[in-house]
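Chains A and B, in that order, are what the protein sequence lines are. First residue of the first sequence? That's 1 in full-length UniProt numbering, and the numbers climb one at a time after it. First residue of the second sequence? That's 1 in full-length UniProt numbering, and the numbers climb one at a time after it.
2 protein chains.
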Amino acid sequence: MADVARVAGVSHQTVSRVLNGAPHVRPDTRERVLAAIRELDYRPNSAARALVTRRSQTLGVVSFGSALYGPASMLDGIEQAARSAGYFVSVASLRSLDSRSVQEAVDRLRDQGVEGIVVIAPQISAVSAVAKVSSAVPLVAVGSGSRSPVPMVAVDNEAGALAATRHLLDLDHETVHHVAGPSGWLETKTREEGWRKALEAAGARVPQVQSGDWSARSGYEAGLRIAEDREVTAVFCANDHMALGLLRAFHEAGRSIPGDISVVGFDDIPEAAYFAPPLTTVRQPFGELGRRALELLVEELAGVGHARSHMLVSPEMVLRRSTGPAVRR
Amino acid sequence: MADVARVAGVSHQTVSRVLNGAPHVRPDTRERVLAAIRELDYRPNSAARALVTRRSQTLGVVSFGSALYGPASMLDGIEQAARSAGYFVSVASLRSLDSRSVQEAVDRLRDQGVEGIVVIAPQISAVSAVAKVSSAVPLVAVGSGSRSPVPMVAVDNEAGALAATRHLLDLDHETVHHVAGPSGWLETKTREEGWRKALEAAGARVPQVQSGDWSARSGYEAGLRIAEDREVTAVFCANDHMALGLLRAFHEAGRSIPGDISVVGFDDIPEAAYFAPPLTTVRQPFGELGRRALELLVEELAGVGHARSHMLVSPEMVLRRSTGPAVRR
DNA sequence: CCTTGTCATGTGATCGCGAACAAATACACT
DNA sequence: AGTGTATTTGTTCGCGATCACATGACAAGG
Chain A
1 MADVARVAGV SHQTVSRVLN GAPHVRPDTR ERVLAAIREL DYRPNSAARA
51 LVTRRSQTLG VVSFGSALYG PASMLDGIEQ AARSAGYFVS VASLRSLDSR
101 SVQEAVDRLR DQGVEGIVVI APQISAVSAV AKVSSAVPLV AVGSGSRSPV
151 PMVAVDNEAG ALAATRHLLD LDHETVHHVA GPSGWLETKT REEGWRKALE
201 AAGARVPQVQ SGDWSARSGY EAGLRIAEDR EVTAVFCAND HMALGLLRAF
251 HEAGRSIPGD ISVVGFDDIP EAAYFAPPLT TVRQPFGELG RRALELLVEE
301 LAGVGHARSH MLVSPEMVLR RSTGPAVRR
Chain B
1 MADVARVAGV SHQTVSRVLN GAPHVRPDTR ERVLAAIREL DYRPNSAARA
51 LVTRRSQTLG VVSFGSALYG PASMLDGIEQ AARSAGYFVS VASLRSLDSR
101 SVQEAVDRLR DQGVEGIVVI APQISAVSAV AKVSSAVPLV AVGSGSRSPV
151 PMVAVDNEAG ALAATRHLLD LDHETVHHVA GPSGWLETKT REEGWRKALE
201 AAGARVPQVQ SGDWSARSGY EAGLRIAEDR EVTAVFCAND HMALGLLRAF
251 HEAGRSIPGD ISVVGFDDIP EAAYFAPPLT TVRQPFGELG RRALELLVEE
301 LAGVGHARSH MLVSPEMVLR RSTGPAVRR
């Protein structure tokens, strides 16, 4: 910066003024400074600036399962929104979601000097970990349940699950089976609750829940078990990947879809429309969730306060060919 | 830091020594300092440290299509490796891969003070953009072609495509059709080359190529076109998502797989094993690619030089049920 | 003509840390 | 005891920016 000042024949302060768009700089001196900057290919040192302003221009993202479609999309949305808000994004992805790991990741980011943190933390333990995080920096959770103790943005899983289940009931299915996610996840819980409420509201029997781990493999295994029960005519699956495994298992068991069994998924991953058959599912706007979370965080940073600190986004049902009317026996 | 020094009754330099594990600190003073640090919950200011050491402990990742399985997995691998090497990771995801966007992203990261950059840049234009990037910081590309002008890590796409095609030829198919990726991608090019070479080596006819855009939708559309040609008995598809669309189209056209047509994909996404039927494909170890890229970058930072600056990882074929012997007519 | 206020620019201090050097202390060996 | 060397600690400076304040020039108003 001193070099630039020398070349432009001004003081370092004037260079700083030009850089920060401060008022009270005569147009021609501004030009001279800019010319000097170009000539020297000068780039401000962000560390120095961060040191004195106490602002790093950086936000942190703690993410879990970041290779999965949901988290990856959210991260993408977050980065996009952060950039347009003038922030950098630093990531810390977790291998496990225990309280210690979350705390560690948050600490790491804090040490790096991030101004705020978004936690992509869909697990119950993570939320409580986040809640415990004695963090001086603002923190927003995304994709976690509605009873999160920190500000958060999430899809209304319960409403989505309820709609999915009701869709099947409306097709005259006597009841709807459920393949849930792994225990400990907020999505697992809220989706199961939505399913249960829909059944209860309709006075339908509530069958036993099968549990998976979100993977197609686990859906396949659940499918094999379910296929043994010839009574089953409708299944609501807690995510699309498991639904894929389910379809595979039903196919192998010789059950036609939706002829014998109707299946609904959750997420609407891009491939869902090309499953065999195309999957009826509940769309989660992941990218938008990420963007909204970041907006919330930026608002907190700006000190807007906690005016709208819990944000539930309504998911949307996408009807495809994996669901059909129940066969009356 | 001054506070800590005061509480511990030492100078700030001694605190610094303890923090950096410098030698020549008496055990009991070290203890006093550590105690003071704990008492005050002191955290070093990374901006100040970066300012004086000229090292930000941060690496940048430029990524494209970061919601897709491949890039997301690589990013994940990169982050993991970076963390264990003691670096933070800052991401910049691109919406388009033109030279200007890439340059902008790289500049942004440089301005932030990253010490090195990994570019997840599978597009030809990106590679040339990267090559042009007049960057003072070390730069490594991952997942791009073998003729990249910067150090890079990639799967040997050509070998993978060749193996996939040969697998089909070995099953007695007269020739193998190809659904390629979008033009401009290195993967598209090298996979097509591998396919072509395998055909030529076997003296098989080289059919016209269908092009998609990696999405299941485009695979579906290509599949509809291919299904019209009753001569087709084998298709090598440049990625699994398109293969999924292909399977769907064939199913709708009443062609059985692998009875009428064999299909091979590329990537081995986790769902591929649950397609209908389970997909024979070529596995790319994305996470490992990311890790290796980061290791390469760290080596460059350490000044090990460009000893092994191009690293080709051999992909592995995964045989499943979407391929079978050609039906002799 | 002198005050007063606005613009335009410069000066010095400061952010928190580590590097270089200096000083003090401890230990070893005559 | 005296000298030399190794360990341990402290002092000063500077990294590259912003901030608070000072200064000079000029115009407007009395």
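By construction, the Cβ of each residue, glycine as well, lies at the ideal position given by its N, Cα and C atoms. Bear in mind that the values here come from a model prediction, so they are computed numbers and not experimental data.
Does the Cβ-Cβ distance between residue i and residue j come in under 7 angstroms?
i                      : j        : result
A/Gly65                : A/Pro71  : yes
A/Leu224               : A/Ala204 : no
B/Val102               : B/Ala126 : yes
A/Arg32                : A/Ala8   : yes
A/Val304               : A/Thr281 : no
A/Val25                : A/Arg38  : no
residue 363 of chain B : B/Val153 : Outside the shown range of chain B, which is 1 to 329, sits residue 363 of chain B, and nothing can be said about it.
B/Ala216               : B/His241 : yes
A/Gln123               : A/Gly184 : yes
A/Phe206               : A/Leu199 : In the sequence as presented, Phe is not what sits at residue 206 of chain A; that position holds Val. Taking 7 angstroms as the Cβ cut-off, A/Val206 and A/Leu199 qualify as a contacting pair.
B/Pro258               : B/Arg283 : no
B/Arg43                : A/Asp98  : no
A/Leu169               : A/Ala131 : no
Suppose you measure from the CA of residue i to the CA of residue j; what does that come to, to the nearest Å?
i        : j        : result
B/Asp41  : B/Leu301 : 32 angstroms
B/Leu312 : A/Ser11  : 52 angstroms
B/Thr188 : B/Leu51  : 44 angstroms
A/Ser56  : A/Asn239 : 38 angstroms
A/Ser142 : A/Ala121 : Reading the sequence as shown, one finds Val at residue 142 of chain A and not Ser. Going from the Cα of A/Val142 to the Cα of A/Ala121 covers about 7 angstroms.
A/Leu94  : A/Ile269 : 22 angstroms
A/Gly290 : A/Asp260 : 38 angstroms
B/Arg100 : B/Ser128 : 11 angstroms
B/Ala5   : A/Ala136 : 23 angstroms
B/Tyr87  : B/Val150 : 22 angstroms
A/Leu68  : A/Leu186 : 17 angstroms
A/Val61  : A/Ala47  : 20 angstroms
A/Leu279 : A/Glu158 : 20 angstroms
B/Ser309 : B/Glu299 : 10 angstroms
A/Asn45  : A/Glu79  : 22 angstroms
A/Ala272 : A/Pro27  : 57 angstroms
A/Thr53  : B/Thr53  : 19 angstroms
Using C-beta distances below 8 angstroms, list every residue in its chain close to residue i, excluding the 5 sequence neighbours before and after it, in chain order.
i        : result
A/Leu246 : Val179, Gly219, Tyr220, Ala222, Gly223, Ile226, Val235, Cys237, Val263
B/Ala326 : Leu171, Asp172, His173, Glu174, Thr233, Ala234, Ser262
A/Thr14  : Ala5, Ala8, Val25, Thr29, Val33
A/Val133 : Val102, Gln103, Val106, Leu139
Which partner residues of residue i appear in the DSSP bridge assignment?
i        : result
B/Phe236 : B/His178, B/Val264
B/Ala141 : B/Val119, B/Met152
B/Met311 : B/Val153
B/Ala92  : B/Val62
A/Thr281 : A/Val318
B/Ser211 : B/Ala180
A/Trp195 : None, per the DSSP bridge assignment.
If you measure from the beta carbon of residue i to each beta carbon in chain B, is any gap under 7 angstroms?
i                      : result
A/Leu169               : no
A/Ala276               : yes
A/Leu15                : Reading the sequence as shown, one finds Val at residue 15 of chain A and not Leu. With 7 angstroms as the cut-off, A/Val15 does not count as an interface residue toward chain B.
A/Tyr220               : yes
A/Ala48                : yes
A/Asp76                : yes
residue 359 of chain A : Outside the shown range of chain A, which is 1 to 329, sits residue 359 of chain A, and nothing can be said about it.
A/Asp172               : no
A/Gln210               : no
A/Gly245               : yes
A/Gln123               : no
A/Gly265               : no
A/Glu79                : yes
Got a sec? Which residues, its chain only, sit under 7 angstroms from residue i by beta carbon, not counting five neighbours each side?
i        : result
A/Lys197 : Leu162
A/Leu297 : Leu59, Gly116, Val118, Pro138, Val140
B/Arg108 : Ala92
A/Leu244 : Ala216, Gly219, Phe275
Verify the CB distance criterion: does residue i have a CB-CB separation below 7 angstroms to chain A?
i        : result
B/Leu301 : no
B/Gly143 : no
B/Asp240 : no
B/Ser96  : no
B/Leu66  : Per the sequence presented here, residue 66 of chain B reads as Ser, with Leu not at that position. True, the Cβ-Cβ gap to chain A drops below 7 angstroms.
B/Ala216 : yes
Can you find the residues in the same chain that come closer than 6 angstroms, C-beta to C-beta, to residue i, ignoring five residues on each side of it along the sequence?
i        : result
B/Ala82  : Leu59, Val89, Leu294
B/Glu193 : Glu158
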